[in-house]
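Respectively, the protein sequence lines represent chains A and B.
Numbering-wise (the numbering used here), the first sequence opens with residue -13 and increments by one.
Numbering-wise (the numbering used here), the second sequence opens with residue 2 and increments by one.
Glycine residues also receive a C-beta, built at the ideal position from the N, C-alpha and C atoms.
None of these values were measured; they are calculated from a predicted model.
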Amino acid sequence: MKISTRGQYSLEALLCLAVSSGHKPQSIRAISEQSGISDGYLEQLFIPLKKKGLVIGSRGVQGGYALAKDPSRISAGDVLRAVETSLHPVPCVQGGYCKREKICASRRTWKTIDSALENVLNSVKLSDLIIVYRGLSGEVI
Amino acid sequence: MKISTKGRYGIRFLIDVAEQGAGALCTLSDIAKRESISEAYLEQVAVVLKRSGYIRSVKGSSGGFILAKDPSEVRIGEVLRNLEGDLSVVEAPLPGKKESLFRQAIRVGFYNKLDNAVNESLGSFTLGSLICGEKSKTEYMYYI
């Protein structure tokens, strides 16, 4: 039951963009310095994130990446779905996968876990994480 | 965010044995046939289930596996942890390694919530509750 490094780093990179002041585009280098994720990895991550409309890239000296939407409109699930192949704990929860699904007693367990996860994935927004981040950085300083 | 085949097959193994009724002995080949899972794989799963105290093996020509506990006492969350190891969605921070504030914030605001959701949703299930599920008779007959 693990979230891949890709998923974890994507969340970190987007949170980094979300807390940056003035919503100015941030260069890959600046994001890398703050998050500790390598330039090359960030470049890779921003391709699917851009494609899914979560970030916008801009060129030029002042160029870089910025969030494409308000942080309250980006859920943690949106970010993970952009980079992970599947967020379902087992393939059969979506249905139509296995001929045993009507009689399978274990599928109820998987369905329950799946909907509990979905609920959190959709309800936690980037804006919630900004609040936690601000709280934590206040304590550190 | 995956539960491996080991976890899934382990649960099916226990459900299958429990469905045969109290005290029923099941051979690996019976379970393998009913569940359409390879016998070799089931054997590996059986090792873990036996070690964790969910099943016992009975030797001899009429031997097989038998549930070691009443199905109502077998908690599904606990079985999964025995089969899969830790169920949390990300690894715990390495001791002595400082995590970025971004990561810490996501851990507090998101990963911990996912873990709690998984734990809470699993808490309600026992092997007993799964085998008394809402299985309609017609569906059951159809697959026999």
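Query: Range covered by the beta strand (DSSP E) that runs through A/A52; Result: 50 to 53
Query: Straight-line gap, B/E140 to B/G22 (C-alpha atoms, nearest Å); Result: Only weak support is given to the placement of B/E140: the predicted model assigns it a pLDDT of 44, under 50, and the value that follows is read from those uncertain coordinates. Rounded to the nearest angstrom, the two C-alpha atoms are 20 Å apart.
Query: Through-space distance from B/S101 to A/C78, alpha-carbon basis; Result: 36 Å
Query: Rounded separation between A/A129 and A/Y51 - CA only; Result: Outside the shown range of chain A, which is -13 to 127, sits residue 129 of chain A, and nothing can be said about it.
Query: Beta carbon proximity, A/T95 to chain B, threshold 7 Å; Result: yes
Query: Own chain, CB closer than 6 Å to A/H74, minus 5 neighbours either side, in chain order; Result: D100
Query: Proximity of B/V80 and B/T127 at Cβ, strictly below 7 Å; Result: no
Query: Inter-residue spacing [alpha-carbon to alpha-carbon] between A/F32 and B/G24; Result: 57 Å
Query: Rounded distance between the beta-carbons of B/A19 and B/L68, thought under 8 Å; Result: 6 Å
Query: Under 7 Å by beta carbon: chain A residues contacting B/S101; Result: E(-2), S21, G22
Query: B/R108 to A/E19 span [Cα, whole Å]; Result: 20 Å
Query: Alpha-carbon spacing of B/E135 relative to B/K7, whole angstroms; Result: For B/E135, the predicted structure reports a pLDDT of 45, less than 50, and the residue's modelled location is therefore unreliable. A value from the coordinates is still provided. When rounded, the distance between both Cα atoms is 25 Å.
Query: Helix, strand or coil at A/I23 [DSSP, three-state]; Result: coil
Query: Minimum Cβ-Cβ distance from B/Q105 to chain A less than 7 Å; Result: yes
Query: Beta-carbon neighbours of B/V90, restricted to chain A and to distances below 7 Å; Result: M(-13), K(-12), I(-11)
Query: Candidates A/Y83, A/R120, A/T71: closest to B/R104 by CA position; Result: A/R120
Query: Best match in B/E40, B/P72, B/C27, B/D87 for proximity to B/G61 [C-alpha to C-alpha]; Result: B/C27
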